[in-house]
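Working notes, structure below.
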Amino acid sequence: MENQQIHKGLFGVTVDQTAVSKVMAETNSLTYRGYPVEELCEHATFEEVAYLMWHGELPNSEQLAHFTDTERGRRGLTKEQLGLLDTFADDAHPMDVLRAGLAALGAEKDRGFADAVDAQRDHAMSLLAKIPTFIAADHRRRKGLDAVSPRANLGFSENFLYMMTGEVPAPEVVKAFDVSMILYAEHGFNASTFTCRVIASTLSDLNSAITGGIGALKGPLHGGANEAVMYMLLDIDGPDAGKAWVEDALANKKKIMGFGHRVYRSGDSRVPTMRKYLRGLAMMSDRMDLIETMDAVEGTMLDAKNIYPNVDFVAGPAYYLMGIEIDFYTPLFVMSRITGWCAHYFEQIGDNRLIRPLAAYTGPSQRRVATLNLR
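Following this note's numbering from start to finish, the sequence shown increments by one per residue and tops out at 367.
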């Protein structure tokens, strides 16, 4: 064991196979089941992408109608389920509320060990439908407002934004949000997905795996980065201050959020698509100053470190321009990534082996307990 090579963070280690997604090195493109994500953003809805994740192919019109009708029919929460929100402090982080709320919802039915495939997919559909309702209700609760009931005549993204505000937003806003959902839906064996697969490998239930994924996603080195990006941008006093702010942060060895990625080396392939819709939102809201600040930060980072931004750098500001509170950005990530997590859960259960790695021990050699030291 002394000479065993250690791969900190499992860097460079291939632990299993997957057919869900892949970053194609030759095109630097993230693909879902083989489809480039940028093409899915332009030609598909989030609901179609969710179907693709769980079934391996894009749906035909009949399959899509059945999928969307089922999802829309399960959006509602009972009075008791909504009442869970009243048990949390108003300043509790939304990710903590969501994690605890989902765990409580999972306890309402004894699911035992991993269910059959049809039952797993049925449970996944309920999670996809109900999690946005829970998040929107919590968003309003913190503002002292009553929850807005979901509408079955609205698509996934349009309905969520309606539940947040009580109004149906402009189509351009809905499209930008839908694109963000597609871009965040899946990304290989990232920390939260791997957490879900580890839990699945024990043959635990889907709800437990998703709850674990939420816990992993909360961290600022993973899903929480989109929140940190927005706080960073608000700390910069406009476009003219961007370059100096970054240079000072680098000189003091502060981490610049929203930059770099372990998978991409020449830029996150999701950024150009999300940037396009972010700029549209900025023009609609007359906030091109925010874009100019971001450009200054990005340019300085590229010149100083040759590091490109990742999708969190552009998604956080997009949510900000939609009027969504910053600490709800990571729960939005959950709404999207539930599709990828469930796809990986199905895959893990379908060809399972308990995930149980080894560790190189660095503690003391075996020794005896000295009786004298215990007195």
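Built from N, CA and C at the ideal position, the CB exists for glycine as well. As the structure is a prediction and not an experimental result, all values here were calculated from the model.
Residues in its own chain within less than 7 angstroms of residue i by CB, not counting five upstream and five downstream?
| i | result |
| --- | --- |
| T265 | E30, C33, V171 and L175 |
| A217 | M249, G250 and D304 |
| H85 | D319 |
| A241 | I248 |
| E164 | G272 and M276 |
| G158 | V140 |
Starting from the C-beta of residue i, find all residues in its chain whose C-beta is less than 6 angstroms away, skip the five residues before and the five after it, and write them out in chain order.
| i | result |
| --- | --- |
| E150 | V166 |
| M(-7) | Any reading at M(-7) is ruled out, since the residue's pLDDT is 45, under 50, leaving its predicted position unreliable. |
| V289 | G234 and V238 |
| M224 | M249 |
| Y312 | M222 |
| V190 | I347 |
| A220 | P212 and M249 |
| S21 | P28 and S261 |
| A162 | none |
| D295 | none |
| F80 | V89 |
| G1 | none |
| Q(-4) | A352 |
How about residue i and residue j: are their beta carbons less than 9 angstroms apart?
| i | j | result |
| --- | --- | --- |
| S193 | H214 | no |
| P309 | A274 | yes |
| D130 | L69 | no |
| E63 | A121 | yes |
| E40 | P51 | yes |
| L153 | F126 | no |
| I330 | I202 | yes |
| T10 | M16 | no |
| N298 | D260 | no |
| S277 | F38 | no |
| T187 | I228 | no |
| L44 | N199 | no |
| L146 | V160 | yes |
| F181 | D8 | yes |
| R25 | F338 | no |
| A42 | F59 | yes |
| Y300 | G355 | no |
Give me, in chain order, the residues of the same chain whose beta-carbon lies closer than 8 angstroms to that of residue i; leave out the 5 immediate sequence neighbours on both sides.
| i | result |
| --- | --- |
| A168 | Y269, L270, G272, L273, A310 and M314 |
| T292 | G234, K235, V238 and E239 |
| I316 | H131, M156 and L324 |
| E18 | none |
| I206 | M87, L90, R91, L94, S184 and V326 |
| V5 | H(-1) |
| A335 | V12, M45, W46 and E178 |
| G345 | For clarity, residue 345 is Arg in the given sequence; the question names Gly instead. Around R345: S193. |
| G48 | A11 and R25 |
| G332 | V12, S13, M45, A177, E178, H179 and T185 |
With residue i and residue j assumed to form a contact (beta carbons below 8 angstroms), what rounded beta-carbon distance in angstroms separates them?
| i | j | result |
| --- | --- | --- |
| D304 | G230 | No, D304 and G230 are not in contact; Cβ-Cβ is about 21 angstroms, not under 8 angstroms. |
| S53 | E178 | Contact flag wrong, Cβ pair sits at about 24 angstroms. |
| A116 | W46 | 7 angstroms |
| R66 | S118 | 5 angstroms |
| M87 | K245 | That belief does not hold up - the Cβ atoms of M87 and K245 are roughly 27 angstroms apart, past 8 angstroms. |
| V263 | V326 | Not a contact, Cβ separation roughly 21 angstroms. |
| R134 | D82 | 6 angstroms |
| L97 | Q73 | 6 angstroms |
Determine, using beta carbons only, whether residue i comes closer than 9 angstroms to chain B.
| i | result |
| --- | --- |
| A139 | In summary, chain B is missing from the structure at hand, where a single protein chain is found. |
Runs of alpha helix (DSSP H) wholly within the region 269 to 326 (minimum 4 residues, chain order): The region 269 to 326 is shown to contain whole alpha helix (DSSP H) runs of 4 or more residues at 280 to 297 and 303 to 313, in chain order.
Whole runs of the alpha helix (DSSP H) within the region 119 to 207, excluding any shorter than 4 residues: If one requires a minimum length of 4 residues, the alpha helix (DSSP H) runs lying completely within the region 119 to 207 are 148 to 157, 163 to 176 and 183 to 193, in chain order.
Inside the region 53 to 104 only - alpha helix (DSSP H) runs reaching at least 4 residues: Taking only runs of at least 4 residues, the alpha helix (DSSP H) segments lying wholly in the region 53 to 104 are 53 to 65, 71 to 75 and 86 to 98.
Segments of 4+ residues assigned as alpha helix (DSSP H) that fall wholly inside the region 213 to 271: 217 to 227 and 231 to 243
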